[in-house]
Structures are given as structure tokens and as C-alpha cells.
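Beneath this line is the structure, given in C-alpha cells, with notes to follow.
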Amino acid sequence: MMAIETALPLLIGLCVGVLLLQFIVQLGMRIDAGLVFGYCLFFDSVGYMYEKFMGGSPLFLLVGVPFLLAMIAILMEPGESGLLRSKGFLFWCLFLFFCFITLTWTYNVSVGMERLQLLIIRGFFPGACVYLIYRKYRVFTWKYVLLFGTAYSIIHQIYGTYRNDLPGRLTLGNPIVEAQLALYTVAIALWGKKIPLWLRLCGIAAGLTAALSTQSRGPLVSFVAASLIGLAYLLYKKAKSGQLRISESKLLIIFGVILVLGFAAWQWGGVLLELIGGSRFVILVNQQQLDSDANFTGRGYLMGLAIQYFIEHPIFGIGIGGHGMTGNLMYPHNLVLELLSEVGMFGFGLWLVPFIFSVDAARRSLPLFVLVLQAFISSQFSGDLGFNSAYLLVAVTALAWIPIRLDKGDFYIAKNHIHYHRLSLRRSRNAGNGISAWFAPQRLARAGRLHDEAEGARERASGGRYRGGLSPNEIGHPGSASHIETQSASTFIPPGYRT
1 MMAIETALPL LIGLCVGVLL LQFIVQLGMR IDAGLVFGYC LFFDSVGYMY EKFMGGSPLF
61 LLVGVPFLLA MIAILMEPGE SGLLRSKGFL FWCLFLFFCF ITLTWTYNVS VGMERLQLLI
121 IRGFFPGACV YLIYRKYRVF TWKYVLLFGT AYSIIHQIYG TYRNDLPGRL TLGNPIVEAQ
181 LALYTVAIAL WGKKIPLWLR LCGIAAGLTA ALSTQSRGPL VSFVAASLIG LAYLLYKKAK
241 SGQLRISESK LLIIFGVILV LGFAAWQWGG VLLELIGGSR FVILVNQQQL DSDANFTGRG
301 YLMGLAIQYF IEHPIFGIGI GGHGMTGNLM YPHNLVLELL SEVGMFGFGL WLVPFIFSVD
361 AARRSLPLFV LVLQAFISSQ FSGDLGFNSA YLLVAVTALA WIPIRLDKGD FYIAKNHIHY
421 HRLSLRRSRN AGNGISAWFA PQRLARAGRL HDEAEGARER ASGGRYRGGL SPNEIGHPGS
481 ASHIETQSAS TFIPPGYRT
């Protein structure tokens, strides 16, 4: 029999799902994709609280909740989402399929399967659900994402502990992942749109406090690098569009701030070095400390080992999980080198193509652009293929910002298949979805009236002998009424309109 500890959460979740579905159906609510994205990106806070008070693995919540909301969106908003038309999404599927194939020649199948499961459950699948929800409702609110991030940072500060094996580092379990998530919060607070000022300040304060308390260096470097790239890209866009106009007063202010910061660094640089001298951040400003750092030298050895594996197996690699043959922690802590060594040049090419698609799509939303860069840069310092799943979540989500164009066949159907009988068209709740979004209802109504008038004129001219249809000499003549196909009452009606 199912234990009460397992049955009770499932029963509660089922009741909440039914209640949520009832609200959405009865009130016509729209699901905000930002809520689902924030829930998935900062799921570690939900997972930690579930493990602490309920026990057991919380991953079913990471799969079940986004899946339920995505199914509600599909059922309530019928029409094509464009997911299977997205080349980036199909290439991601192809890459994951090849990764499963490499398990047939890997040295450690169990390690490889575990990493692929983490990559799909924590990255690919939630990203696909967010994609579907956003394509259906076109609603994405960054303040909800920031709320999840701020809540995660606060939970880290409340429940985090200092472990003997990690001296001076406040952690819930993995300080590197926690620093990454905390700095995602700061990035969202800086770059997110339509966020209240008080929430931005709370997010920045909570995120920085949580990140610095972990004393993780790689996530901090990736945050600074991604933010600078995002700022440079924003200035480039504004300069290219002619919107970058800086007055003399603003230039003076910027110059003054630079002078003040330079003077402060010169005057109190020694004090700052003393403050961080006893922490792990000292390697960022001291070359000697960096060269003698155990993590730095150890990961350098692992990266060299990955390069050696790539040289020995350059085409298809040693298989996902191949680094686990000498220990579960012997991966190179560099995503690019891990891919090259485990899936070879062929698999790396399959990964690189959809990643470029995703980065290009993320440029349409600056916060997503910064997040995907920050997650990718951080993956070059720490983590393995499975734990570095945040970049895949953001990358798949970003594909929803690419407009999906209709095929020529869809345009032909929309143009030529018009109801024969007189129509009284009005917009419904689903107006604007599918093909109907590409032409106005006024044009359809006018085309229907012209067609009916032409049919009536033919009938009068024939003395009542003509009852509709096409005359033999007009069939297929473009631009004439014969080009409009006459059909019965069951003919095609564009989605979003009803008689």
C-alpha cells in the first residue's frame, strides 16, 4: 500500500490542480509564463522546503506542476503553438537523442543516465512547458520571477548552515548552485522590466547577501561578465537606432562617478584587500593566491584530462558519463570541454546549433539574454552536464520569442477558402489565434459580400437557371469570383471567428 506520507501530498496536489483548473475555466484566467519560469528556475527553494517538512524527492513537483499548467493552456487555447516548427527546439531534441545513443559506449552508464535525467527534468522539460504557456497566452511578468528569486535568497539566509567541510560558507547543500541562483535574482532585479522599485531593491539586497555568504567565485565572475555584455549590447542597440543621446551634464556625471570610484579604489584598496584577505574571494585580486588555490589547480588537471579524452576520441567522444569511470566528481568542471570529450565534435555541433538559435532568440528579451549568458559562463567554471541545467531552461524558454511564420499552404487556405453563404462575423474570445491573426475580419466580411453579390448577379442574368458554383470558363481564373471556392455549410471557418 502507498504510504500516507506519499499519498497525502499527492491528494493535496490533485485537489489544488482541480481547483486551479476550475478557476481558469470559470473566470477565463490567463496563465502567466513568468510564474512558471520563476517556479522552475528557483525550484530549489520549493524542493528544500518539501524535503525538510515532507521528506522524499520533490522532483515530481518540478515535472507535475509545469506539465499541468501547460496542458491547461493547450486545452483552453486550441491552436498551433509553433513548438514543433521551432528549429531550435528540434535541434535540442536531436542533441538529447544523440546523448542517449552515446550511453551504448560510455564507461559508466549509470552516471551518464543520471546526468541526462537531471538535464531533462530540471532544464529541457520545464523550458518546453514555459514555451507552450507563453506561446498560448503571450504573458510574461518579470516581477513574479523576481519574487521567486527573492524568496529563494531569503530561505537560503534563514535555513543555511556552516558545514565543517565548507568552512565559512553558508549553504543549503551546494554553495555553487546557490550562488548561481542568488545572482540570477540580482540579474533579474537589474534587467527585468516593469518591476516595482521596492521589489528590485529587495531582490538585489537579498541576492547579493546570499551569494556573498556562499563565497563562490565562479558565479560572481559570470554575473559581472554577463551584466557587462548585456550593458554593451543595450548601448549598441540604442546607438544603432539613434536613441543613445547623452547630454553634456550626463557625461559630466559619469566622468565624476568614475573619478570618485578611482579615488576610492586608490585610497581604500588596502582596506578592501584586508577585508577579503581571509575569504575565498582573495584569489580574484591576488595572482599568487590563485596559483596556489587547490580548486583552481585541481580543475586545471581535470580539464587537461578532458582534452586528452577528446584527442583520443575526437568524433563521437567517450559517451555521456565517461568521466565517471575514475570517480563521480572527476568531470572537468567546464561544460564545453565536457561536451567535446563525451560526445565529440559531432555531438558538440549538435549542441552548438540550437544554443546559437537560443542566444539569438534571447536577444529579443534583454533579461533572458543576460540570464542565458550568465548561466553559460558559470558552467565554464563549475558543475557538470546535469547540474548545469539552468542554461538549458533559459535557452528553451527563449525560443518562444522567435515569431513562427505560417507556411505558404496556410496562406493559400486562408485566402481562398471562404464560406459560400453570407456570414455574420464577430470576434470571439479566441480571436487572434492561429491563421485568423494574419488577416482582419473586415476583409473577410467584405470578400463574403462581394462573392454573394456576384452569385446573385449570375442568378438574375441566367433567369434563375444559375444556382451557384463556377461557370466552366471561369474555373481557376485568379482574381475572379471563381477563385473563391464555393462550399457547403461545413466549409472551413478561420479559427477565432464564429457565425
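Going by UniProt numbering, the sequence shown runs without a break in its numbering and finishes at 499.
Every residue, glycine too, gets a C-beta built ideally from N, C-alpha and C.
Item                                                                                                                 : Value
For residue 170, three-class secondary structure by DSSP                                                             : strand
Exposed unless 16 or more other CB atoms sit within 10 angstroms - verdict on residue 165                            : exposed
Option nearest residue 88 by Cα separation, candidates 125, 353 and 372                                              : 353
Coarse secondary structure for residue 471, derived from DSSP in three states                                        : Annotation note: pLDDT 43 at residue 471 (below 50); position unreliable, coordinate value reported separately. Coil, per DSSP.
Residues near residue 238 in its chain [Cβ-Cβ closer than 8 Å; skip 5 each side]                                     : 244
Residue 91 vs residue 357 beta-carbon contact at 8 Å                                                                 : yes
Closest Cα partner of residue 123 within the set 77, 193 and 36                                                      : 36
According to DSSP, residues forming a beta bridge with residue 161                                                   : 171
Collapsed DSSP secondary structure at residue 289 in the structure displayed                                         : helix
Residue 146 versus residue 198 - alpha carbon distance                                                               : 12 Å
Status (buried if at least 16 other CB within 10 Å, exposed otherwise) for residue 217                               : buried
Same chain, Cβ closer than 8 Å to residue 403, five either side skipped, listed in chain order                       : none
Same chain, Cβ closer than 6 Å to residue 400, neighbours up to 5 away in sequence not counted                       : 131, 134 and 135
Three-state secondary structure assigned by DSSP to residue 246                                                      : coil
Under 8 Å between C-beta atoms of residue 222 and residue 86                                                         : no
Span of the alpha helix (DSSP H) around residue 282                                                                  : First-last for residue 282: undefined, no H or E at that position.
The stretch 336 to 347 in contact with the stretch 304 to 317 per 3-pair CB rule at 8 Å                              : yes
For residue 232, the first and last residue of its enclosing alpha helix (DSSP H)                                    : 217 to 241
Cα-Cα separation, residue 178 to residue 51                                                                          : 16 Å
DSSP three-state assignment for residue 49, whether helix, strand or coil                                            : helix
When 249, 391, 42 and 138 are compared against residue 335, the one with the closest alpha-carbon                    : 391
Selected residue, minimal CA-CA separation from residue 76, among 372, 106 and 31                                    : 31
Secondary structure of residue 313, DSSP reduced to three states                                                     : coil
Own chain partners of residue 332 with C-beta closer than 8 Å, once the 5 adjacent residues on each side are dropped : 299, 302, 303, 305, 306, 323, 338 and 341
Residue nearest to residue 348 in terms of C-alpha spacing, selected from 74, 71, 99 and 53                          : 99
Contact the stretch 246 to 255 vs the stretch 203 to 219: 3+ CB pairs below 8 Å                                      : no
Exposure label - residue 246; buried when at least 16 CB within 10 Å                                                 : exposed
Residue nearest to residue 380 in terms of C-alpha spacing, selected from 182, 368 and 176                           : 176
Contact check, residue 187 vs residue 370, beta carbons under 8 Å                                                    : yes
Euclidean distance between Cα positions of residue 360 and residue 127                                               : 16 Å
Alpha-carbon to alpha-carbon, residue 249 and residue 114                                                            : 57 Å
Rounded C-alpha distance that separates residue 150 from residue 207                                                 : 7 Å
Own chain residues within Cβ distance below 7 Å of residue 225, not counting five before or after                    : 377
Same chain only: Cβ atoms within 7 Å of residue 280, ignoring 5 sequence neighbours per side                         : 215 and 217
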